[in-house]
Amino acid sequence: MSFLEIKNLNYEVREKKILKNINVDFKSGKFYSIIGPNGSGKTTFIKHLVKGMGLKNNIYLDGKSLNEYRAKDFARKISYVPQIISYEIDFSCFDVVMMGRNYAQNSLFKLNNKDIEKVEEAMKVTDTYFLKDVSIKDISGGEGGRVILARALCQEAECIILDEPLAHLDINHQINMMRMLKEINKRLNKTIIMVNHDINLAIKYSDKIIVFNKGEIEKECNPNEILDKELLNNVYKLNLKDENINLEQFFINFY
Amino acid sequence: MGSLTVGSASISSLEAIKIIINYFIKVSDGSMSEKIIMNIRVPRVLMALFTGAGLAISGVTFQGLFKNPMGDPFVLGVSSGAALGATIGLILNLEKNNYILITLLAFGGAIVTLMLVYNVARVGSKIPVEILLLSGIAISFLCNSLISLIMILKKEAMDKIIYWTLGSLNTSSYKQVLLIVPIVVLGSLFIYRRYKDLNILSMGEEDAYSLGVEVEKVKKELIIISSLIVAALVSVTGIIGFVGLIIPHIARMIVGSNHGELIPFSFILGALFLVVCDTISRVIIAPSELPVGAVTALLGAPYFIYLLWKKKRGSL
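Residue numbers (numbering that gives the first Met the number 0), protein chains in the order written: chain A, 0 to 254; chain B, 0 to 315.
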């Protein structure tokens, strides 16, 4: 079933076309990776999905135009992990993760026990429970990324959209995060859409890969089809040779 | 309570308490002391409490929304607009007919400025906060230069205008209290009602919508309510600086950034701070008075610098 459908999305800033004629269809329960060089429009595209930039009537979520959504209903459908910046603000990590439950809370004063449980579980899963009482301004970029992921998890939306969540993570936590996302995707049937610069990880974990180039979708394909020398050399301005691409292990040797 | 007892006329604490209690159990003795306490000092302390609270609350709101430590209640030019309104009233000598006319003109000036700033910054149905800040600053400068121009052209009104702008609580009356208290209390409750949204917005607008916050609607609501509080306060008391800028920072250093605690704490801290400052302004060069705005800065700035210095040492 089509979960998120983008029809003919164009976006320009001062005559410069950032997104050109984007048509893409995200199916429910699949794992998507969006790859592409810097400046190819990936983040702008993601922002259209989660924030709306005045063109929401090109985007349909569960068959309904984004224009018709109220924020609280949107939050049930989609949770979002933005590119992590450092936070200057003094919230405990627990408070930050609890923001994921914001849309479901009615009381100004009392925290629901169920919400607290969900927050604590999400923090345990993302290996951030030990940061519970620490201020978000005092933790590292990688820890911050995991806290924001915990926030997205306890939101329990049908889909998680992530913008380069691996950027600040060490290798151990990179692999952990990919495994965790894959498990959420399989076990809870959640749709995952992530921008990812690591092509090898994208191949290993995704159901579909979408390649952005110069504001357009260059290719939407199965993971193994990305191992195409011409495509990668064209998009990334590389100089890969046949022997760099290992079709048996789906692996690109860049070095 | 201390603030009730100190002033040009000396009345002891005990006496002051007695007078207030007597007043409420309807045993009025009509003495001079009673008149001073009930008609001058009580309304003045009430005004100081709620003015301080209101300025602090709107400072908290602006700093949260703008994610900018320089945010203060006057940043949108509301105060300059009010001053311009009052200036126009003062050069027309309207205060001789009825002082309330000056208040109304100041409030009108504040509202017109707010609308102007808001519309300059508006892009479609959105209000980008950076543009809002800049247009506030620009229009603020415009109003201030118009005031300077008027003062030069109408030198005889200069004293009145400067005195108005400095901000003072010495005209406090029950009428003012009745006007200000509901605005500050209701406005603060309204802002508090949004504290969770304000928490999310203060972390960044990008992911606020997907966390269930109607970003533009909440922003509009908060900007308008806190500006109205400031507009009402400024048009009654003149420009009392520093409270709205510093109190939220001090409160944040003490209770953290969570607006659930920050808003009530700033309310109380702002109220107490202004009562203390006002009391000092009344007694320090008694029998004449200092403008309370000068005292807030004299007292607040060193303390704030001390906190910054402590924080700087702590973070390295």
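Heads up, the beta-carbon is just placed ideally off N, CA and C, and yes, glycines get one too.
Taking a Cβ-Cβ threshold of 9 Å, none of the residues of chain B is close to A:Asp-61; the smallest such distance is about 15 Å.
Residue environment analysis places B:Asp-277 among the buried positions, since at least 16 neighbouring C-beta atoms fall within 10 angstroms of its C-beta.
It is roughly 15 Å from the alpha-carbon of B:Pro-290 to the alpha-carbon of B:Gly-51. In this structure, A:Asp-89 is the residue among A:Asp-89, A:Arg-150, A:Glu-155 with its C-alpha nearest to the C-alpha of A:Val-133. Close to chain A, meaning a Cβ-Cβ distance shorter than 9 Å, are the following residues of the stretch 199-210 of chain B: Ile-199, Ser-201, Met-202, Gly-203, Glu-204, Glu-205, Asp-206, Ala-207, Tyr-208, Ser-209, Leu-210.
In the same chain as A:Ile-17, and ignoring 5 residues on each side of it, the C-beta atoms closer than 7 Å to its own belong to Tyr-10, Glu-11, Gly-40, Thr-43, Gly-214, in chain order.
Across the stretch 76-88 of chain A, CB contacts with chain B closer than 7 Å involve Ile-77, Ser-78, Tyr-79, Pro-81, Tyr-86, Ile-88, in sequence order along the chain.
Residues of chain B whose Cβ lies closer than 7 Å to the Cβ of A:Ala-74 are, in chain order, Ser-209, Leu-210, Gly-211.
Per DSSP, the unbroken beta strand (DSSP E) holding A:Lys-6 starts and ends at 1-12.
Taking the Cα positions, B:Glu-129 is about 16 Å away from B:Leu-221.
Comparing alpha-carbon positions, the option among A:Leu-110, A:Ile-84, A:Asn-171 lying closest to A:Ile-138 turns out to be A:Ile-84. Identification of chain A residues near B:Gly-255 by a Cβ-Cβ cut-off of 8 Å yields Asp-89, Phe-90, Ser-91, Ser-134, ordered along the chain.
Within the stretch 144-169 of chain A, the residues whose Cβ lies closer than 9 Å to some Cβ of chain B are Ile-147, Arg-150, Ala-151, Gln-154, Ala-156, Ile-160, listed in chain order. Under the 9 Å criterion on CB atoms, A:Val-118 is classed as non-interfacial with respect to chain B.
Listed as beta-bridge partners of A:Lys-16 by DSSP are A:Glu-11.
According to the DSSP assignment, A:Glu-120 belongs to the alpha helix (DSSP H) that extends over 112-124. CA-to-CA, the gap between A:Asp-227 and A:Ile-244 works out to about 8 Å.
With a cutoff of 9 Å on beta-carbon distance, B:Gly-70 and B:Gly-53 are scored as not near each other.
Here the C-alpha atom of A:Arg-186 lies approximately 28 Å from the C-alpha atom of A:Lys-218. If you look at B:Val-217, you'll find it in the alpha helix (DSSP H) that goes 214-236. Taking 9 Å as the cut-off, the beta carbon of A:Thr-127 is found closer than this to the beta carbon of A:Glu-142. Taking the Cα positions, B:Ile-253 is about 29 Å away from A:Pro-81.
For A:Leu-161, the beta-bridge partners assigned by DSSP are A:Val-80, A:Met-193.
Listed along chain A are Leu-107, each with a C-beta nearer than 9 Å to that of B:Arg-192.
Using a Cβ-Cβ distance cut-off of 8 Å, the stretch 75-82 of chain B and the stretch 206-216 of chain B are not in contact, since fewer than three pairs of beta carbons, one from each stretch, lie closer than that value.
B:Val-128 has a beta carbon lying at 9 Å or more from every beta carbon in chain A.
If you draw a straight line from the Cα of B:Ile-262 to the Cα of B:Gly-243, it is about 12 Å long. By the CB criterion at 9 Å, A:Phe-25 and A:Cys-158 fall inside the cutoff. B:Ala-120 places its beta carbon less than 9 Å from that of B:Ser-134. In the structure shown, the three-state DSSP call for A:Phe-25 is strand.
Among the CB atoms of chain A, none fall inside 9 Å of the CB of B:Val-184.
Taking a Cβ-Cβ threshold of 7 Å, none of the residues of chain B is close to A:Gly-40; the smallest such distance is about 17 Å. Counting C-beta pairs closer than 8 Å gives three or more between the stretch 37-50 of chain B and the stretch 178-193 of chain B, which meets the contact rule. Per the DSSP secondary-structure output, A:Asn-212 pairs in a beta bridge with A:Glu-215. Under DSSP, A:Lys-207 shares a beta bridge with A:Tyr-31. B:Tyr-194 places its beta carbon 9 Å or farther from that of A:Leu-148.
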